[in-house]
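Below you'll find the structure, written out as structure tokens, and then a few comments.
Numbering (the working numbering), first residue to last: 274 to 854.
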């Protein structure tokens with residue numbers, strides 16, 4: 274994968290090499306292998322490359338017949354597209370170069386033919402048009418800003434800060450959403466003046482202004498007839514093998530994040546069949562005495578003969594590594610799982626450049642417990658999204674930082690879908706890209722590691738999202754059809770046993786260190802602005818789920834603010850960073 278950035282200024286002949294170089298430098302961690310530039314009159318493009326396919330000839334930008342392309346992408350159907358597009362003088366074997374002839378043939382609808390993850394920018398010199406686009410599930414990030422100078426875009430928020438009018442000022446709308454939900458919704462980013470490109474969105478820019486926006490929705494109403502369980506199992510089997518096989522296209526070694534859950538176990542089974550060499554599998558576990566993930570993953574790795582690496586994580590990692598982890602997350606997501614994800618990525622990056630991940634399985638196959646509530650009599654789809662703020666009734670936040678809306682504001686019921694599908698659609702639009710995929714992208718790309726998500730593939734949708742509800746939730750369990758597929762392949766994996774969640778014991782660690790951490794968090798100016806200091810100190814000393822989550826969010830925000838807004842040193846422990854004046 275890669276990092277991309279660029280601009281389209283209002284005035285011609287307004288070269289901005291210094292800004293382009295600065296944006297490139299802030300994205301080097303995303304692409305440490307190569308970099309390249311394009312400048313022409315009032316347009317500039319920058320690219321940093323992590324070499325995965327065609328290691329030597331795939332340097333970007335790509336250019337042909339007045340078209341220039343930079344892409345942070347893996348196009349899994351590039352071979353099929355090359356074959357269907359006919360004669361074209363390719364200069365490399367890169368999966369991304371096929372985008373140029375695809376645009377020549379289909380114009381602004383070229384992204385409809387892509388199968389993969391991407392954020393890209395294509396400049397058409399003849400039309401003087403810049404096109405930026407993001408994949409339909411939002412696997413790869415892209416941000417933009419319109420300033421007095423023109424239109425700017427980049428893979429990360431940090432590359433846009435302090436660029437021609439973009440200042441590091443907090444957007445309080447996004448902050449209130451972060452405090453209430455641990456992430457922010459929609460196009461709103463945490464920095465004023467910086468917007469997210471939505472999943473599946475394409476923006477057409479002319480003369481530095483947005484001329485048109487197009488949305489490519491991944492989850493549409495199915496036109497296929499309902500089938501039997503046996504037929505759906507066959508479709509699922511074909512789709513899984515097709516998706517995983519294409520996600521294994523690479524010129525470098527690949528691995529797998531193995532939790533021992535349904536999603537990663539399915540991937541391990543298929544990878545072990547398709548790859549000639551042993552799979553490298555990686556599992557994180559915690560030193561709290563509950564070693565279920567460790568033991569079950571070890572059992573699976575032994576059975577499927579993977580090269581298995583286990584990483585133990587403890588309170589010392591929480592205390593000493595959290596500041597540098599949060600430094601990597603410019604678009605804040607206060608998800609406990611940033612700790613194991615970052616550290617596991619760090620370990621895996623010593624061996625390889627690509628890992629497969631199970632993100633998307635719960636959203637598409639119906640795996641969350643809240644989905645099961647929807648199938649109860651008299652339940653309403655919007656109800657499960659009327660979650661109160663994490664800080665509700667705690668008396669901690671100042672009034673102007675209490676959330677004015679909850680998740681149900683963004684919940685839009687479509688008559689084309691069932692209650693369950695509408696809930697899945699909500700999660701795929703907001704929770705998945707802004708929390709889970711954001712976390713995976715930042716934690717992995719910080720280490721130059723590419724994360725691939727085979728469940729988020731066009732081929733999987735028919736046998737997941739479009740399934741009848743009873744094939745998603747059955748026998749009181751979610752992901753029924755995926756469990757059934759796994760049961761028929763490997764009964765020993767016990768897919769119908771009760772799922773044990775992967776719990777990060779951060780609340781336990783916070784409580785153990787509560788008095789000392791709480792006083793430091795309460796002293797931070799960014800916390801005083803949004804909360805009552807005495808109340809902040811108190812919640813760090815209470816051992817409850819609700820106060821523990823609130824304490825975690827405040828700790829996360831105080832470290833994030835210090836690192837990204839104040840640009841203070843993030844080296845050292847939580848105590849070191851919060852004590853620095």
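Every residue, glycine too, gets a C-beta built ideally from N, C-alpha and C.
Check: Could you have a look at residue 832 and say whether DSSP puts it in helix, strand or coil?; Outcome: helix
Check: Using only alpha-carbon positions, find the residue among 634, 674, 711 that is nearest to residue 606.; Outcome: 711
Check: Is it true that the CB of residue 743 sits closer than 9 angstroms to the CB of residue 535?; Outcome: no
Check: Taking contact to mean at least 3 C-beta pairs separated by less than 8 angstroms, is the region 431-450 in contact with the region 514-529?; Outcome: no
Check: Report the rounded CA-to-CA distance for residue 582 versus residue 591, giving the unit in angstroms.; Outcome: 20 angstroms
Check: CB-CB under 8 angstroms to residue 463, same chain, minus the five flanking residues each way: which ones, in chain order?; Outcome: 430, 443, 444, 447, 448, 451, 457, 604, 605
Check: What span of residues does the alpha helix (DSSP H) with residue 716 cover, start to end?; Outcome: 711-718
Check: Cα separation between residue 453 and residue 612?; Outcome: 20 angstroms
Check: Quick one: what's residue 664 bridged to in DSSP?; Outcome: None, per the DSSP bridge assignment.
Check: Would you mind stating whether residue 509 and residue 828 have Cβ atoms separated by less than 9 angstroms?; Outcome: no
Check: Counting along the chain, where does the beta strand (DSSP E) carrying residue 499 start and finish?; Outcome: Where residue 499 is concerned, there is no enclosing beta strand (DSSP E), given that its DSSP letter is neither H nor E.
Check: Could you work out which residue in 313, 573, 562 is closest to residue 778 when comparing CA atoms only?; Outcome: 562
Check: To the nearest angstrom, report how far apart residue 609 and residue 601 are at their CA atoms.; Outcome: 15 angstroms
Check: Between residue 543 and the rest of its own chain, which residues show a CB-CB distance below 7 angstroms, the 5 nearest in sequence each way excluded?; Outcome: 513, 514, 517
Check: Using alpha carbons as the reference points, say which of 480, 435, 413 lies closest to residue 399.; Outcome: 480
Check: Exposed or buried, residue 301, counting other C-beta atoms within 10 Å across all chains shown (16 or more means buried)?; Outcome: exposed
Check: Would you kindly check if the distance between the Cβ of residue 323 and the Cβ of residue 334 is under 9 angstroms?; Outcome: no
Check: For residue 331, count neighbouring Cβ atoms within 10 angstroms of its own Cβ and tell me buried if that reaches 16, exposed if not.; Outcome: buried
Check: What is the rounded straight-line gap between the Cα of residue 435 and the Cα of residue 417?; Outcome: 13 angstroms
Check: Leaving out the 5 sequence neighbours to the left and right, which residues in its chain are closer than 7 angstroms to residue 387 when beta-carbon positions are compared?; Outcome: 348
Check: Closest by CA to residue 645, which one among 782, 745, 403?; Outcome: 745
Check: Spell out a yes or no on whether the region 698-706 and the region 625-639 are touching, meaning 3 or more CB-CB pairs, one atom from each, closer than 8 angstroms.; Outcome: yes
Check: Are the CB atoms of residue 413 and residue 345 within a distance shorter than 9 angstroms?; Outcome: yes
Check: What residue ranges within the region 356-403 form continuous alpha helix (DSSP H) runs of no fewer than 4 residues, ordered along the chain?; Outcome: 372-379
Check: Short of 6 angstroms in beta carbon distance, which residues of its chain neighbour residue 795, apart from the five on each side in sequence? Order them along the chain.; Outcome: 806, 809, 810
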